[in-house]
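From first to last, the protein sequence lines stand for chains A and B.
The number in the working numbering is simply the position in the first sequence, starting from 1, with 55 added.
The number in the working numbering is simply the position in the second sequence, starting from 1, with 192 added.
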Amino acid sequence: MRVKKLKGLVLQFVTFSELEHLETKGRIKKLLDLILDGKIIVLQGRLDPEEEARLIEDTMVLVGRIKGFKGVELAVIEPNNNNISVASKIRYGLAKALVRGSGSLTIIGPASIVKEIRRDPKKIELMFNK
Amino acid sequence: MGILIVRDFIKRVFFSIFSSKESISIGFYGPPNAGKTSLANKICKDWTGEELGKSSKIPHETRKVQFKEKVDIEYKGKKLTLKLIDTPGIATKIDYEDFLKFGMKKKDARTRAKEATQGIVEAIKWLDDVDAVIIVLDSTQNPYNQVNITIIGNLMARKIPVLVVGNKIDLLKSDIKKIEAAFPEYDVVGISAKFGKNMEEFYESLFKFVKKRR
């Protein structure tokens, strides 16, 4: 009997305490190592805007160096504040960035797996590449 | 209250920047294909007769930061001298296969992708060297995407003043109100850089954004 190999996706939960003690460089490296491993990260809290920019920069450097790596798909989800402005979200995010107990969640996945992340007040949709 | 604090702060920042400098470095930032180069070209063409760079339907046409120094703008008797800094569109992913859909050859698509990644790194580094930023968004697209939030967050963190432009208002799907709702703390101007639509209001906002605060 032919056994069909099942393919799976790994959602890796990264807690605040795992990143708390790291500098920006270390945080980004830890996240990118998981992404290069094909994992989709669910991060408790969020990076601050400068760390997000650093994540994009480091991602772009890797796109040029690692064959098959196309970058990341990224979304920050804040609790119950979908109708507030971007700047308010940022201020809220800055205040709560990687704070223990923050309601924010950051989803980061490899772009080769996650095509798009759609946010809705009551759900998150991860659209996958075929 | 919060909004007023932000506006007062921006007034103060503008006053200090623009009252002491002859030429103002304005960066054009935003996601790919929003029309940053088209707007920079329109401004250059209006005031210098020359364009700044090439624009295209294929994303990531601008893959290096490009400049135009000493662009003198005169509007209703007031003058401004700008250094325009057109930056590559910022994205979190680059796939050369996306360029193949536009009929590019594989080799060219790969080269374009590689250059685009370098351009994004360069654009982010330039955030430290601009006096003010015009964020150009495609008004037919959802403004709440993470790249926009990251750019705005970085500008806020660096205390860089921002003017938001919603481009492509000539298209049916354009929704400026959605951009205004997303960025109520900032002036939002809807334009069509391609057809020069609403440029009067843009220049008015640009001067208001700069001169009123002197």
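Glycine included, each C-beta is placed from N, C-alpha and C at the ideal position.
Small disclaimer: the values here were computed from a predicted structure and weren't measured.
Just to confirm the assignment, what range does the alpha helix (DSSP H) spanning residue i have?
i, result
"A349(B)", "338-349"
"A308(B)", "298-317"
"D113(A)", "104-120"
"L91(A)", "79-91"
"F71(A)", "71-75"
From this set, the options, which residue's C-alpha is nearest residue i's C-alpha?
i, options, result
"K122(A)", "L91(A), G63(A), G81(A)", "L91(A)"
"K80(A)", "E105(A), K170(A), I95(A)", "E105(A)"
"A166(A)", "K125(A), I179(A), E180(A), M182(A)", "K125(A)"
"P251(B)", "K285(B), K275(B), A232(B)", "K285(B)"
"E243(B)", "R255(B), V263(B), P224(B)", "V263(B)"
"R174(A)", "K260(B), Q338(B), M296(B)", "Q338(B)"
"S366(B)", "L398(B), P353(B), T240(B), V381(B)", "V381(B)"
"T309(B)", "V118(A), I168(A), P134(A), M182(A)", "V118(A)"
"L98(A)", "F71(A), I111(A), R120(A), E78(A)", "F71(A)"
"I265(B)", "A232(B), A385(B), K386(B), F387(B)", "A232(B)"
"E253(B)", "G269(B), M296(B), G388(B)", "M296(B)"
"K369(B)", "D330(B), G269(B), T342(B)", "D330(B)"
"E137(B)", "A301(B), K298(B), A283(B), E214(B)", "Because residue 137(B) is not part of the residues shown, which for chain B are 193 to 406, the question remains open."
"A283(B)", "L181(A), I168(A), L110(A), R120(A)", "L110(A)"
Expressed to the nearest angstrom, what Euclidean distance is found between the alpha-carbon atoms of residue i and residue j?
i, j, result
"V328(B)", "K360(B)", "10 Å"
"K404(B)", "T273(B)", "Because K404(B) carries a pLDDT of 43, less than 50, the predicted location of this residue cannot be relied on, and no value is offered for it."
"L38(A)", "K271(B)", "Any property of residue 38(A) remains undetermined from this structure, which presents chain A solely from 56 to 185."
"T332(B)", "I132(A)", "23 Å"
"V313(B)", "V116(A)", "8 Å"
"R406(B)", "L129(A)", "With a pLDDT of 35 at R406(B), under the threshold of 50, the modelled position of that residue is not reliable, and no figure is offered here."
"L347(B)", "D321(B)", "11 Å"
"L66(A)", "K306(B)", "29 Å"
"N390(B)", "L364(B)", "16 Å"
"K234(B)", "S248(B)", "14 Å"
"F401(B)", "N184(A)", "43 Å"
"I216(B)", "C236(B)", "15 Å"
"R350(B)", "F68(A)", "31 Å"
"K170(A)", "T303(B)", "22 Å"
"L64(A)", "I172(A)", "15 Å"
"T240(B)", "Y267(B)", "14 Å"
"F201(B)", "E396(B)", "Because F201(B) sits at a pLDDT of 49, beneath the cut-off of 50, its placement in the model cannot be relied upon, and the following sentence gives the value as read from the coordinates. Near 21 Å, if we compare the C-alpha coordinates of E396(B) and F201(B)."
"E73(A)", "D238(B)", "53 Å"
"G156(A)", "D362(B)", "Bear in mind that a pLDDT of 46 at G156(A), under 50, signals an unreliable position, so the number given afterwards is only what the model happens to contain. For G156(A) and D362(B), the distance between alpha carbons rounds to 45 Å."
"M182(A)", "Y288(B)", "20 Å"
"P376(B)", "I168(A)", "35 Å"
"G388(B)", "S230(B)", "10 Å"
"H76(A)", "R120(A)", "28 Å"
"E78(A)", "L86(A)", "12 Å"
"V127(A)", "G269(B)", "48 Å"
"N334(B)", "K299(B)", "32 Å"
"K386(B)", "A301(B)", "25 Å"
"P94(A)", "E392(B)", "Just to set this straight, residue 94(A) is Lys in the shown sequence, not Pro. If I take the Cα positions, the gap works out to 49 Å."
Taking C-beta to C-beta, are residue i and residue j nearer than 8 Å?
i, j, result
"G358(B)", "I344(B)", "no"
"I277(B)", "G219(B)", "yes"
"I163(A)", "I96(A)", "yes"
"L355(B)", "Y378(B)", "yes"
"N225(B)", "G281(B)", "yes"
"I83(A)", "D113(A)", "yes"
"A324(B)", "P353(B)", "yes"
"K228(B)", "G311(B)", "no"
"F399(B)", "I383(B)", "no"
"F259(B)", "K275(B)", "yes"
"A108(A)", "I316(B)", "yes"
"P134(A)", "G100(A)", "no"
"W318(B)", "T279(B)", "yes"
Between which two residues does the beta strand (DSSP E) carrying residue i extend?
i, result
"P335(B)", "No beta strand (DSSP E) contains P335(B), which DSSP labels as neither H nor E."
"S217(B)", "216-221"
"E266(B)", "258-267"
"G164(A)", "160-165"
"I186(A)", "Missing from the structure shown is residue 186(A); chain A here goes from 56 to 185 and no further."
"A130(A)", "127-132"
"G180(A)", "Before going further, note that residue 180(A) is Glu rather than Gly in the sequence given. First-last of the beta strand (DSSP E) with E180(A): 178-183."
"N359(B)", "354-359"
"I277(B)", "270-278"
Contact between the region 87-105 of chain A and the region 290-303 of chain B (3+ Cβ pairs under 8 Å): The region 87-105 of chain A vs the region 290-303 of chain B: no contact.
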